[in-house]
Amino acid sequence: MATQPASLVDVLTLKPGEQADHFIGSAEAYGVIGIYGGHFLGQALAAALATIEPNKLANSLHGYFLRPGMPQVPIIYQVNRLRDGRGFATRTVTAYQQAKPVFHMSASFKVFEPGDEHQKTMPAVLTAAALIERREAAGIPPFQFPMTADGRVDMEWASESFNPAQFVAGRTPCLQTWMRANVPNDIDARLSQCVLAFLSDGTLMFNAVLPYGLPFQSHRLTSLDQAVWFHRPCNPADWLLFDQRSTAAADSRGMNEGEVYAADGQLILTVAQESMLRRNVNPA
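One point on numbering: in the UniProt record's numbering, the residue at position 27 of the sequence shown is 27, and numbering is uninterrupted.
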């Protein structure tokens, strides 16, 4: 009998380790070399939050992907409590597999404070429902990415120019996607942040390859590091728009950035990522 895939909530739920401030996470397979980067981001944030006072939430994180990671090998997260203040707290988290570091993250947490607000305006795009209706009418199946594995996440392209079957040189390096997590509607704010961290790595690296008119398989693509800033809470079970772009490519590295919006236009996250953009010598 086949084993039921772990839900996203299960993936982001850690077990206590044998030592203080150590936590154990699963290592799922996502159909890529190593482990999907959002898996590390979400689990490391869950580990850090487990050591934070309940009146604080994450306001930012910065993660470095040190090794690809090994599916099915448990991940040990070691949290270091750098500072605990009245308003802010700081943590670092290092993830280990077989005693080797595979991921490192620093994160800041704070107490909510009311104050002035402004934001970038969400771009005008078709709703996820309208895009799904159009795609299904054309008989096109949903495009699959690592984070959509095992039904944990739904994704729908909002970019008119993106078609995986047609790679045309000179495309503008930008993408727009709708995404939502298959999690209960009533998860708490902390788990919601872990889900958002998981989602944030989904498609960013692909922006940098778009100008070159080549299939994704022609380049070795992997996340090198990623930063996330949390602006407002949201329900990640609702559709969220990820507006993304690549601002530079040099030295076989791509620079990608983007914003995540709720469907009502509220800015939820700002994300920046450096990715490897290394051409394969003999592309398949």
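Where is the CB? At the ideal position from N, CA and C, for every residue including glycine.
Under the three-state DSSP convention, the category residue 324 falls into: Within the shown structure, residues of the chain are numbered from 1 to 284, placing residue 324 beyond reach of any answer.
Tell me where the alpha helix (DSSP H) around L45 begins and ends. 37 to 49
Taking the C-alpha atoms as reference points, what is the distance between A2 and D150? Confidence at A2 is low in this model, with a pLDDT of 49, below 50, so its placement is unreliable and no value can be given for it.
According to DSSP, is M255 part of a helix, a strand, or is it coil? strand
Classify V183 as helix, strand or coil using the three-state DSSP reduction. V183 carries a coil assignment under DSSP once its states are collapsed to helix, strand and coil.
Any idea what DSSP makes of E274, helix, strand or coil? strand
Measuring CA to CA, which of L41, E28, G63 is closest to M70? Per the Cα distances, E28.
Who pairs with M105 in a beta bridge, going by DSSP? G63, V93
According to DSSP, simplified to helix, strand and coil, what is M122? coil
Please confirm whether G115 and R171 have their CB atoms less than 9 Å apart. no
Among L269, V260, F23, F65, which one has its Cα closest to the Cα of W229? Taking W229 as reference, the option from L269, V260, F23, F65 with the minimal CA-CA separation is L269.
Assign G254 to buried or exposed, taking buried as 16 or more other Cβ atoms, counted over all protein chains shown, within 10 Å of its Cβ. buried
On the CB-based measure, 16 or more other CB atoms within 10 Å of its CB, does V168 come out buried or exposed? exposed
Going by CA-CA distance only, name the one from V93, S218, P101 that's closest to V281. Of the candidates V93, S218, P101, the residue whose Cα lies closest to the Cα of V281 is S218.
Would you check if there are 3 or more beta carbon pairs closer than 8 Å linking the segment 24 to 42 to the segment 79 to 91? no
Per DSSP, what kind of secondary structure is A197 in: helix, strand or coil? helix
How many angstroms separate the CA atom of A5 from the CA atom of L14? Rather than Ala, the amino acid found at residue 5 in this sequence is Pro. Taking the CA atoms as reference points, P5 sits about 16 Å from L14.
Considering only C-alpha positions, which residue in the set E53, Q266, F198 is nearest to G63? F198
Burial state of G25 (16 or more Cβ within 10 Å): buried
So the beta strand (DSSP E) I132 belongs to, where does it begin and stop? Looking at the DSSP string, I132 is not in any beta strand (DSSP E); the run it does join, the alpha helix (DSSP H), is 128 to 137.
Mapping DSSP to helix, strand and coil, what is F145? coil
Pairs of beta-carbons, one from the segment 73 to 89 and one from the segment 42 to 49, closer than 8 Å: are there three or more? yes
Are the CB atoms of P101 and R67 within a distance shorter than 9 Å? yes
Just the C-alpha distance for A249 and D225, rounded to the nearest angstrom, thanks. 15 Å
Would you tell me roughly how many angstroms separate the C-alpha atoms of T121 and Q19, rounded to the nearest one? 46 Å
If you count every other CB in all the chains shown that lies within 10 Å of the CB of residue 288, and 16 or more means buried, which is it? Residue 288 is absent from the model: the chain starts at 1 and stops at 284.
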